[in-house]
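Single-structure report; data block below.
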Amino acid sequence: AGVWAQVDLPHATMYKLLVALALVAGASAFAPVVKPTTRSSVAVSAAVEDMLGADVETAGVWDPFGYSTNADAATLKRYRCVEIKHGRIAQIATIGYIMGDVWTFPGYLSKAADVKFSDVPAGMGALQAVPVAGWAQIFLFAGLLETKFFKQDDDKEPGDLAKFNWVRYDDKELKERKLLSEIKNGRLAMMAIMGMMVQEQVTGMTTIAQLKSGALSPFPHIDL
């Protein structure tokens, strides 16, 4: 804020500048990557490029931080496992974030703390409303799922966690399409939940509240 005050840009100009910078950054991020003619490890590079969903959004492998450089097969599998896991968590988080404005559980969240579910606000406000004991239970439950019920086995494909009631596909083409859909939906959800949380910090309103009020501008305090 201090920098903008010093240059004394009009609000509309500042808004347009920020939007332009965002567009340039976005275009640069998703621009096709020129593949190098020389590679330190042909086998590793080929493995990265052959991974399902490696270039569906970027028309080429986009790895600005070089995580895949010199990465072995085990490391690449670890990255894919983490991506799928984060995508699944983000999808649940996106639904949960929106549902806070739509529906609330009846009864008490904590009788000891005299906190009802209806007392917990939607969006980021819930982070402070949930008692410490509640967060401890959440982390304990998540850890139990991570290490016991949905533990990733080394001999199974990334994301193949459930040991019961899991849909399997014998058709290779159908299986790849389903797996790619999950990867893409997970990536979208990671962007969505982050965007909604940032937008709430900027506007002070959750996504549903913004839709109801019609205040959809990412810069609500700037008079255009």
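Numbered per our numbering, the sequence shown finishes at 408, counting up by one with no gaps.
Quick reminder that beta carbons are idealized off the backbone N, C-alpha and C, glycines included.
Where the beta strand (DSSP E) through residue i begins and ends
{"i": "Ser302", "result": "Run containing Ser302: none; DSSP gives neither H nor E here."}
Per DSSP, cross-strand counterpart(s) of residue i
{"i": "Tyr251", "result": "In the DSSP output, where bridge partners are listed per residue, Tyr251 has none listed."}
DSSP-derived helix/strand/coil call for residue i
{"i": "Lys396", "result": "helix"}
{"i": "Gly210", "result": "The pLDDT assigned to Gly210 is 44, lower than 50, so where the model puts this residue is not dependable, and the model offers no usable value."}
{"i": "Gly343", "result": "coil"}
{"i": "Thr391", "result": "helix"}
{"i": "Gly419", "result": "What the structure shows of the chain is the stretch from 185 to 408, and residue 419 is not part of that stretch, so it cannot be assessed."}
{"i": "Ala376", "result": "helix"}
{"i": "Val441", "result": "With the chain covering 185 to 408 only, the question about residue 441 has no answer from this structure."}
{"i": "Ala243", "result": "coil"}
{"i": "Ala185", "result": "Note on Ala185: pLDDT 37, under 50, position unreliable in the model; the coordinate value appears next. Reduced to three states, the DSSP call for Ala185 is coil."}
{"i": "Val228", "result": "Note that Val228 scores a pLDDT of 47, beneath 50, so its modelled location is shaky and nothing firm can be said."}
{"i": "Pro216", "result": "Any answer about Pro216 is weak, because its pLDDT of 38 lies below 50 and its placement is not dependable; what the coordinates show is given next. Here Pro216 sits in coil by DSSP."}
First and last residue of the uninterrupted alpha helix (DSSP H) at residue i
{"i": "Leu293", "result": "Taken as a continuous stretch (DSSP letters only), Leu293 belongs to no alpha helix (DSSP H), being part of the beta strand (DSSP E) at Tyr292 to Ser294."}
{"i": "Lys261", "result": "Ala257 to Met283"}
Beta-carbon proximity of residue i to residue j, cut-off 8 Å
{"i": "Pro315", "j": "Val299", "result": "yes"}
{"i": "Asp239", "j": "Ile392", "result": "no"}
{"i": "Ala376", "j": "Thr278", "result": "yes"}
{"i": "Gln275", "j": "Asn349", "result": "no"}
{"i": "Ile268", "j": "Pro342", "result": "yes"}
{"i": "Leu363", "j": "Leu236", "result": "yes"}
{"i": "Met381", "j": "Met283", "result": "no"}
{"i": "Ser302", "j": "Ala317", "result": "no"}
{"i": "Gly280", "j": "Met374", "result": "no"}
{"i": "Val232", "j": "Val245", "result": "yes"}
{"i": "Tyr353", "j": "Lys347", "result": "no"}
{"i": "Thr390", "j": "Ala306", "result": "yes"}
{"i": "Gln336", "j": "Leu328", "result": "no"}
Alpha helix (DSSP H) segments (min. 4 residues) lying fully within the region 310-363:
Listed in chain order, the complete alpha helix (DSSP H) runs (minimum 4 residues) inside the region 310-363 are 310-313 and 316-328.
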